[in-house]
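Numbering (this note's numbering) for the sequence shown: 71 to 282.
Read through the structure below, which is laid out as structure tokens, and then see the notes.
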Amino acid sequence: MSEPHKKEADEAGSQAGERRARIGEPKHLTSARELRAITHPVRLALLEALGLHDALTATEAGELIGESPTTCSFHLRQLAKYGFVTEAGAGPGRRRPWKLAAIDIRLSPADGDPEMNIAAASLERMLVSRWFDRFSKWEVARSHYPVEWQRSAIGIESLLHLTPGELEELKSGFVALLEPFVPRNLDPSLRPAESRPVEVLTFAYPFVGGAG
């Protein structure tokens with residue numbers, strides 16, 4: 071490798087390392103018990119709320135997701151039991167805030183484990199339902215957003231002919247495109263003044279529809 075290219079590669083690796091140090095290592099879901107632990111609408115709502123805020127108490131989380139503090143407190147403790155959230159340190163008075171234990175949660179391959187397959191399918195159905203519900207709300211609200219947001223929002227469908235290796239390469243490249251923006255989820259000072267939370271959905275799978 072030439073010296074300029076080596077220097078660029080070293081800088082890219084250093085930047086990636088700094089980003090990873092800031093956001094922490096991803097949590098890999100490797101058991102059916104972990105999958106079942108978050109396959110619950112309140113627990114997913116809590117994880118989503120904590121993904122948008124540095125830390126929340128059960129009361130604050132309940133106000134955001136429309137649940138009682140008692141309900142949120144119970145589910146936060148269950149999420150902590152499985153390593154999804156952790157206490158964020160003592161707050162003033164009796165305030166007990168929680169934060170995400172890992173900002174990046176990934177589903178490990180089931181590798182033929184029937185129990186994992188069932189648990190993963192159940193979680194994915196719930197997640198996809200929540201994702202598309204939010205997308206539908208965006209479609210309804212689109213006209214109320216500034217023109218630049220309406221123009222930049224995207225919906226793309228592409229039919230490609232790929233090998234499993236090429237699909238894996240595509241996935242890795244897409245994740246790499248998103249990675250530089252992830253630290254902003256934890257550090258508000260990194261967010262441009264005009265930024266706002268943006269949800270990015272990506273699906274890539276063997277085509278199973280009919281030809282007509």
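Think of the CB as a built atom: it goes at the ideal place given N, C-alpha and C, for glycine as much as any other residue.
Since we're looking at a predicted model, the values are computed, not measured.
- In the three-state reduction of the DSSP assignment, Val-245 falls in the helix class.
- Rounded to the nearest angstrom, the gap between the Cα atoms of Leu-122 and Pro-267 is 8 Å.
- With distances taken between CA atoms, Thr-156 lies nearest to Leu-120 out of Glu-133, Phe-244, Trp-208 and Leu-120.
- Within the model, the alpha-carbon separation for Gly-235 versus Ile-135 is close to 40 Å.
- CA-to-CA, the gap between His-110 and His-145 works out to about 9 Å.
- Within the same chain, Ser-101, Ala-102, Leu-105 and Ala-180 come within 8 Å of Met-186 by CB-CB distance, once the 5 residues on both sides are set aside.
- Counting along the chain, no beta strand (DSSP E) covers Arg-261, and no H or E run does either.
- Here Val-217 is not bridged, per DSSP, to any residue.
- Per DSSP, Leu-230 lies in no beta strand (DSSP E) and is assigned neither H nor E.
- A distance below 8 Å separates the beta carbons of Phe-244 and Thr-272.
- A residue is called buried once 16 or more other Cβ atoms fall within 10 Å of its Cβ, and Leu-99 is buried on that count.
- Per the DSSP secondary-structure output, Lys-169 pairs in a beta bridge with Thr-156.
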